[in-house]
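The opening residue of the sequence shown carries number 1 in the UniProt record's numbering; numbering runs sequentially from there. Just so it is clear, CB atoms sit at the ideal spot from N, CA and C, and this is done for glycine as well. Model, not experiment: these values are computed from the prediction. Take a look at the structure below.
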Amino acid sequence: MNTSRRGTPQPNYAKYIFGFLATMMVVYFVWMQKNIAPSSPFLKSGTEAQALAQKPPKPVVRSWARKAGRRYVWIDVEIDGKAAGRVVSELYMDIVPATAENFRALVTGDNKEGLSYKGSKCHRIITGFIVQCGDFETGKGYGGKSIYGGKFNDEPAGLKLKHDKRYVLQMANSGPDSNGSQFCFMLGAAPHLNGHHVVFGEVVEGFDIVDAMELSGNKEDGVALNHNVVLKDGGEYLD
């Protein structure tokens with residue numbers, strides 16, 4: 001404490017100011033922790049920090065449920081060089097194992113010859129009827145082959161399945177027992193195809209992508225497509 005010339009004690013203002021500033025800094029620090037960074041609280045221990053770091057990501061929500069005996073593949077579609085989205089298909093491995101496996105292996109490229117739909121065009125699209133794809137050799141409907149070394153026979157159980165709705169998957173062919181790699185996304189019921197083409201699966205997700213593919217086609221067969229539709233990539237859901 002200071003004294004005046006006459007010996008009267010004077011208050012130490014510097015001490016009070018310093019104390020006030022120190023208090024304000026503490027209050028400000030506490031306020032910052034509560035209001036500025038609420039998403040980064042102090043952890044109580046290293047164990048807690050480790051637990052947070054190892055927390056698994058949220059599972060992907062799917063619009064379909066896995067069924068026993070079935071397998072699920074995805075195809076990423078491009079239209080005019082731009083990503084359109086993903087189509088997910090359920091394969092009837094329990095009904096037509098040879099046909100379903102041929103499609104699965106061509107989608108993924110998981111076969112001894114490395115045959116794949118990846119990068120191939122959908123060459124024939126008739127609105128209200130089909131989106132035909134799978135000719136990875138010519139892109140015009142004249143080529144393609146199965147993983148079995150050429151053509152393979154119709155599976156009787158697949159001929160009994162119906163072309164009774166939109167988004168059914170079936171094999172394109174040139175007559176009995178002439179299945180290769182070409183296939184169709186059905187765009188509507190087609191009972192006249194029953195017994196003539198093997199049905200092997202159906203779309204379970206990405207219906208809007210199939211719809212977008214349809215818009216690239218025409219009502220008449222043999223007419224050039226309005227847009228370039230490509231099966232850009234593909235794989236299988238194993239989990």
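Give me the Cα-Cα distance between residue i and residue j, rounded to the nearest whole angstrom.
i: G188; j: D239; result: 31 Å
i: V61; j: G195; result: 37 Å
i: V210; j: R124; result: 13 Å
i: L193; j: H163; result: 7 Å
i: P156; j: P97; result: 11 Å
i: N179; j: D94; result: 19 Å
i: I147; j: L215; result: 31 Å
i: N153; j: S174; result: 12 Å
i: P176; j: F183; result: 15 Å
i: A190; j: S181; result: 21 Å
i: K151; j: T138; result: 16 Å
i: A105; j: G234; result: 10 Å
i: D110; j: E101; result: 10 Å
Kindly indicate which three-state DSSP category residue i falls into: helix, strand or coil?
i: D208; result: helix
i: E78; result: strand
i: A98; result: helix
i: M186; result: strand
i: F136; result: coil
i: G235; result: strand
i: A83; result: strand
i: F103; result: helix
i: F42; result: Caution is warranted here: a pLDDT of 41 is assigned to F42, below 50, making its placement in the model unreliable, and the coordinate value is therefore given only provisionally. Coil at F42, not helix or strand.
i: L115; result: coil
i: L21; result: helix
My understanding is that residue i touches residue j, with C-beta atoms under 8 Å, so please give their C-beta distance in whole angstroms.
i: L231; j: K118; result: 7 Å
i: F185; j: V199; result: About 12 Å; that fails the 8 Å criterion.
i: K219; j: T108; result: Between T108 and K219 the Cβ distance is about 34 Å, and since that is not below 8 Å, they are no contact.
i: A84; j: E78; result: 6 Å
Query raised in the report: Whole beta strand (DSSP E) runs in the region 121 to 165 with 3 or more residues, listed along the chain?
Result: 124 to 126, 130 to 133
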